[in-house]
Amino acid sequence: MTIELYGYQYSVYSWIARLALAEKGVDHRWTEVNPFAPDAPKSYLALHPFKRVPALVHDGFEIYETGAITRYVDETFPGPRLQPTDPRHRARCNQFLSIIDSYVYWPLVRQVFSHGVFRPHLGRPSDATEMQKGLAAAPDVLAALERLVADAEYLCGAGISLADIHLAPMIGYFALAEEGEALLKRHRKLSHWWATISARTAYRATMPRLPV
C-alpha cells in the first residue's frame, strides 16, 4: 500500500491533511510542492489542475481538496473514527468544517498569520493593513466559535474529530501572533479546547517549524 501526500510545508491545509493521517496512524510519503512557485512541475499540475495543496495518491487513486482528503483518510483506514455516527453530531461536525473554511481561514491565517508572522519570518514584504483587517474580524469569528464549543475537550463529542483537526492548525497559526494569542485567551471554552488539542502528540509532531 502506497500513500503519497503532496503539500507545501507551511500550508495550513497541508498541515491539516498530515494531522488527519497522524491521528489515524497512517504512514505516508511526503512530496514538497510550492504552489506559489512559477514553475510548478507539470506532473503536479496533472494531479491538481488548480495548483493548490494538498493532494493525496493512494494506490493509484488521486484526490485533492482538503475536506475530501481527510474524509477519505477517515473512511478508508483503520484507527479512531474522526466523524460522529449520530446524525446531529455529524451535522454539527460538518457545520464546523464549513465555518472553518468560509469564515476562519481568511482573517486568522491569510491576514493575521501571513502578514503578522509568516512573511516577516521569511523576510518577505508584509501588509500591516491586511493584518489589522484580520485582527478586526477575528473577535466575531472567535465569538461564534465560542458559542459552538461545548464544555468538553473536543468539538464534536468525546473523541477527536475532523472538526478538531481542521480548526487546530488555523488556531495554531493565529496564536503565533501575539495579538492573536491575546484575543484567543478572552474565550474560555475555546481556550480550554485549544489547550487540549495543542498538547496532543500528533499535533506537535506535524506542526510546521518556521524559520528563525
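Quick note on numbering: the sequence shown equals residues 141 to 352 in the working numbering.
We put the CB at the ideal spot given by N, CA and C, even for glycine.
Within a Cβ cutoff of 6 Å, which residues of the same chain sit near residue i, ignoring the five residues on either side of it in sequence?
| i | result |
| --- | --- |
| W333 | V289 |
| H198 | I143 |
| K273 | Q251 |
| H327 | L282 and E286 |
For residue i, which residues from the same chain have a beta carbon less than 7 Å from its beta carbon, with the 5 sequence-adjacent residues on both sides left out?
| i | result |
| --- | --- |
| W155 | P309, T346 and P348 |
| R259 | P265 and S266 |
| L323 | A278, P279 and L282 |
Going by DSSP in three states, residue i sits in which element: helix, strand or coil?
| i | result |
| --- | --- |
| A195 | strand |
| V240 | Sequence inspection shows Ile at residue 240; the Val mentioned does not correspond to that position. Note: I240 maps to helix in three-state DSSP. |
| L262 | coil |
| G147 | strand |
| F201 | strand |
| R169 | strand |
| H332 | helix |
| K325 | coil |
| D179 | coil |
| D304 | helix |
| Y153 | helix |
| N174 | coil |
| L285 | helix |
| G299 | coil |
| T346 | helix |
By how many angstroms is the C-alpha of residue j removed from the C-alpha of residue i?
| i | j | result |
| --- | --- | --- |
| R230 | P224 | 5 Å |
| A177 | A335 | 35 Å |
| H188 | L285 | 31 Å |
| F329 | V352 | At residue 329 the sequence reads Lys, which differs from the Phe that was named. Each residue's alpha carbon lies about 32 Å from the other. |
| W256 | S331 | The question names Trp, but residue 256 is Gly in the sequence shown. Rounded to the nearest angstrom, the two C-alpha atoms are 21 Å apart. |
| F217 | L302 | 14 Å |
| N234 | F314 | 22 Å |
| R232 | H261 | 36 Å |
| A180 | I203 | 18 Å |
| M271 | L350 | 19 Å |
| A186 | A292 | 43 Å |
| Q149 | F190 | 18 Å |
| N174 | K182 | 13 Å |
| D226 | G263 | 47 Å |
| I239 | S151 | 19 Å |
Name the residue from the options whose alpha carbon lies nearest to the alpha carbon of residue i.
| i | options | result |
| --- | --- | --- |
| R192 | H198, D199 and Y184 | Y184 |
| L307 | L237, R158 and P220 | L237 |
| I143 | W170, V152 and L159 | W170 |
| G165 | H327, V213 and P227 | V213 |
| E319 | Y243, R221 and A277 | A277 |
| G297 | V173, L222, Y204 and L159 | L222 |
| L248 | K182, A292, R287 and E321 | E321 |
| D241 | R287, D291, R344 and Y153 | Y153 |
| V244 | H327, I311 and S151 | I311 |
Hey, residue i and residue j are a contact pair by Cβ (cut 8 Å); roughly how many whole angstroms apart?
| i | j | result |
| --- | --- | --- |
| V252 | L275 | 6 Å |
| E163 | A342 | 5 Å |
| D304 | L295 | 5 Å |
| L161 | H168 | 5 Å |
Who are the Cβ neighbours of residue i in its own chain at under 8 Å, not counting the five residues just before and after it?
| i | result |
| --- | --- |
| W157 | For the record, residue 157 in the displayed sequence is Ala; it is not Trp. Hits under 8 Å: L145, G147, P194, L196, T206, I209, T210 and V213. |
| R268 | According to the sequence as given, residue 268 is Ala; it is not Arg. If we look at A268 and ignore the five residues flanking it on each side, its Cβ neighbours are H255. |
| I300 | E163, P220, L222, Y294, I337 and R340 |
| K325 | S331 |
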